[in-house]
Amino acid sequence: MVNYKNWIEQIPDDTKISTLSIPGTHNSGACHTALPSVQCQGESITSQLEHGVRFLDIRVGRLFVGKNKNDLQVIHGKFPVKIPFPLELTDVLKEVYDFVENNPRETVIISLKQEGSNDWDNENDEFGNLIWEHYISPNKEKWYLNTDIPRAGDARGKIILFRRFGVRNEDLRNKFGFEASVWSYNTTDDDRGTFVVQDFCEVQKSIDLPKKIEYVKNLAKRAQDYTRDHDDKLFLNFTSGSNFFDKDCWPEPVAKAMLNGNIQDTFQKGVGIIVLDYAETDDWKLVKNLVDSNF
């Protein structure tokens, strides 16, 4: 029987991360009291990790109010994921640090993205420098910061940085994790060489959900076919999609539609990272299906 809390411990050291089936969560920190269209998960990050999730999607922006201009808060679009008090990135990272410290043969991928205000000086790497100096550099021993796709044995006890923000400084860029700063908006299949993304997010009406489900299944099948013989691409497959103005397209009903659409039927070994909303739905069914497929 698979131990979901420690399933990567059971993966051989020489296995490339890209060849696994990895459950992830969309807007992982959006698991607190918030606007109903903002909340994307029903369980904490710690609970997600303990149930087998190994890819966390974290979006951050400036604190709306706060004591330190270097502190960032977790947001969804332009909205805080926790009200009335902000969820700070420091607190999210502590949950992950604690999990990895307590489970030193595991690894967690963190996707870190800048969202919210557009007043960053990107010409001078203001956002990237803040992340490096305030969050990464003081904890470098906890991170896998090489730019390649690691093997399981290389990343045990560490957090793999999936960097969703650009860095112009070449010296910094070469020691700042896996670069994934750009892909086409609302894409159904965008191949960037080292990674491939399905992130069709403009689900305008519930009648669009079968189309979204098909895109998820298609990329899962493509990933499985590719990773059977290759290990040089990460496949990132978002099951999320929403429309702020239609409650039938908010994250929770979309998550239920994914289950009802039987996306798990395509969960075979090597389907890549499948990014879920409300991952705990039906006793973590999709998470367990993905983890099980690795064995």
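According to full-length UniProt numbering, the sequence shown is numbered sequentially starting from 1.
The beta-carbon is built from N, C-alpha and C at its ideal position, and this holds for glycine as well.
Inset, instruction - Enumerate in chain order the residues of its own chain whose CB-to-CB distance from residue 5 is below 6 Å, with the five nearest sequence positions on each side excluded. - result: Walking along the sequence shown from the start, residue 5 turns up at place 5. Around residue 5: 50.
Inset, instruction - Report the rounded CA-to-CA distance for residue 133 versus residue 18, giving the unit in angstroms. - result: In the sequence shown, the residue the question calls residue 133 occupies position 133. In the sequence shown, the residue the question calls residue 18 occupies position 18. For residue 133 and residue 18, the gap between their C-alpha atoms comes out near 29 Å.
Legend entry - Of the listed residues 174, 131 and 84, nearest to residue 113 (C-alpha basis): For this step, residue 113 is matched to residue 113 along the sequence shown. The residue with the shortest Cα to Cα distance from residue 113 is 131.
Inset, instruction - Check whether the Cβ atoms of residue 96 and residue 29 lie closer than 8 Å to each other. - result: To locate residue 96, count along the sequence shown from 1; it is residue 96. To locate residue 29, count along the sequence shown from 1; it is residue 29. Residue 96 is not a Cβ neighbour of residue 29, given a cutoff of 8 Å.
Inset, instruction - Using 10 angstroms around the beta-carbon of residue 137, count the other beta-carbons present and answer buried if the total reaches 16, otherwise exposed. - result: Along the sequence shown, one-based indexing puts residue 137 at 137. It is exposed - the Cβ of residue 137 has fewer than 16 other Cβ atoms within 10 Å.
Inset, instruction - Answer yes or no: do residue 264 and residue 236 have a C-beta to C-beta separation smaller than 8 Å? - result: Translated into the one-based positions of the sequence shown, residue 264 becomes position 264. Translated into the one-based positions of the sequence shown, residue 236 becomes position 236. No, these two residues do not count as a Cβ contact at 8 Å.
Inset, instruction - Taking all protein chains shown into account, decide if residue 48 is buried (16 or more other Cβ within 10 angstroms of its Cβ) or exposed. - result: What you label residue 48 is simply residue 48 of the sequence shown in a count that begins at 1. Per the 10 Å Cβ criterion, buried.
Inset, instruction - Would you identify the three-state DSSP class for residue 174, choosing helix, strand or coil? - result: Position 174 of the sequence shown, counted from the start, is the residue given in the question as residue 174. In the structure shown, residue 174 sits in coil (DSSP, three-state: anything other than H, G, I, E or B).
Legend entry - Nearest neighbour of residue 35, chosen from 63, 10, 82 and 45 [CA to CA]: Walking along the sequence shown from the start, residue 35 turns up at place 35. Check the Cα spacing between residue 35 and each of 63, 10, 82 and 45: the tightest is with 82.
Legend entry - Whether residue 179 touches residue 147 by CB criterion (8 Å): On the sequence shown, position 179 is the one that residue 179 refers to. On the sequence shown, position 147 is the one that residue 147 refers to. Using a Cβ distance threshold of 8 Å, residue 179 and residue 147 count as a contacting pair.
Legend entry - Beta-carbon proximity of residue 59 to residue 101, cut-off 8 Å: As a first step, residue 59 must be located in the sequence shown, where it is residue number 59. As a first step, residue 101 must be located in the sequence shown, where it is residue number 101. With respect to the 8 Å criterion, residue 59 and residue 101 are not classified as neighbours on the basis of their beta carbons.
Inset, instruction - Taking residue 196 as the reference, give the member of 219, 68 and 177 with the closest Cα. - result: Counting from one through the sequence shown, the residue named residue 196 turns up at place 196. Measuring from the Cα of residue 196, the nearest candidate turns out to be 219.
Inset, instruction - Buried or exposed for residue 111, please, with buried defined as at least 16 other CB atoms from any protein chain shown within 10 angstroms of its CB. - result: Within the sequence shown, the letter at position 111 stands for residue 111. That one is buried.
Inset, instruction - Could you say which of 293, 244 and 256 lies nearest to residue 266 if we only look at CA atoms? - result: Residue 266 sits at position 266 when you count from the first residue of the sequence shown. Measuring from the Cα of residue 266, the nearest candidate turns out to be 293.
Legend entry - Close beta carbons around residue 252, own chain, < 6 Å, minus the five adjacent residues each side: As a first step, residue 252 is located in the sequence shown; it is residue number 252 there, counting from the start. Excluding sequence neighbours, residue 252 sits near 278.
Legend entry - Three-pair Cβ contact test at 8 Å for the region 266-276 versus the region 223-234: Three or more beta-carbon pairs separated by less than 8 Å link the region 266-276 to the region 223-234, which places the two stretches in contact.
Legend entry - Secondary structure, alpha helix (DSSP H): runs of 4+ residues fully inside the region 192-272: Runs of alpha helix (DSSP H) with 4 or more residues, each lying fully within the region 192-272, are found at 209-227 and 251-260, listed in chain order.
Inset, instruction - Determine the extent of the beta strand (DSSP E) in which residue 21 is found, giving its start and end residues. - result: To locate residue 21, count along the sequence shown from 1; it is residue 21. First-last of the beta strand (DSSP E) with residue 21: 21-25.
Legend entry - Nearest candidate by alpha-carbon position, reference residue 69, set 54, 13, 126 and 186: Against the sequence shown, residue 69 aligns to sequence position 69. For residue 69, the nearest C-alpha among the options comes from 126.
Inset, instruction - Rounded to whole angstroms, what's the CA-CA distance from residue 215 to residue 260? Just pull it up for me. - result: Working through the sequence shown from its first residue, we reach residue 215 at position 215. Working through the sequence shown from its first residue, we reach residue 260 at position 260. Between residue 215 and residue 260, the C-alpha separation is close to 15 Å.
Legend entry - Rounded separation between residue 190 and residue 184 - CA only: The residue given as residue 190 occupies position 190 in the sequence shown. The residue given as residue 184 occupies position 184 in the sequence shown. A straight-line Cα-Cα distance of about 7 Å links residue 190 and residue 184.
Inset, instruction - Name the two residues that bound the continuous beta strand (DSSP E) containing residue 295. - result: In the sequence shown, counting from the first residue as 1, residue 295 sits at position 295. Bounds of any beta strand (DSSP E) do not take in residue 295, whose DSSP letter is neither H nor E.
Inset, instruction - Measuring alpha carbon to alpha carbon, tell me which of 72, 239 and 217 ends up nearest residue 256. - result: As a working mapping, residue 256 is identified with position 256 in the sequence shown. If you compare the alpha carbons of 72, 239 and 217 with that of residue 256, the shortest gap goes to 239.
Inset, instruction - Report yes if the C-beta distance between residue 54 and residue 75 is below 8 Å; otherwise report no. - result: Taking the first residue of the sequence shown as 1, we reach residue 54 at position 54. Taking the first residue of the sequence shown as 1, we reach residue 75 at position 75. No, these two residues do not count as a Cβ contact at 8 Å.
Inset, instruction - Quick one: give me the first and last residue of the alpha helix (DSSP H) that residue 35 is part of. - result: In the sequence shown, the residue the question calls residue 35 occupies position 35. DSSP places residue 35 in no alpha helix (DSSP H); its state is neither H nor E.
Inset, instruction - Mind reading off the beta-carbon distance from residue 177 to residue 162? Whole number of angstroms is fine, and I expect it under 8 Å. - result: Position 177 of the sequence shown, counted from the first residue, corresponds to residue 177. Position 162 of the sequence shown, counted from the first residue, corresponds to residue 162. Right, their Cβ atoms sit about 7 Å apart.
Legend entry - Reduced DSSP category for residue 45 - H, G, I as helix; E, B as strand; rest coil: The residue given as residue 45 occupies position 45 in the sequence shown. Residue 45 falls in the helix class under three-state DSSP.
Inset, instruction - Could you say which of 241, 84, 282 and 150 lies nearest to residue 187 if we only look at CA atoms? - result: Here residue 187 refers to the residue found at position 187 when the sequence shown is read from its first residue. Of 241, 84, 282 and 150, the residue nearest in Cα terms is 241.
Legend entry - residue 7 versus residue 290 - alpha carbon distance: Within the sequence shown, residue 7 is the residue found at index 7, counting from 1. Within the sequence shown, residue 290 is the residue found at index 290, counting from 1. When rounded, the distance between both Cα atoms is 11 Å.
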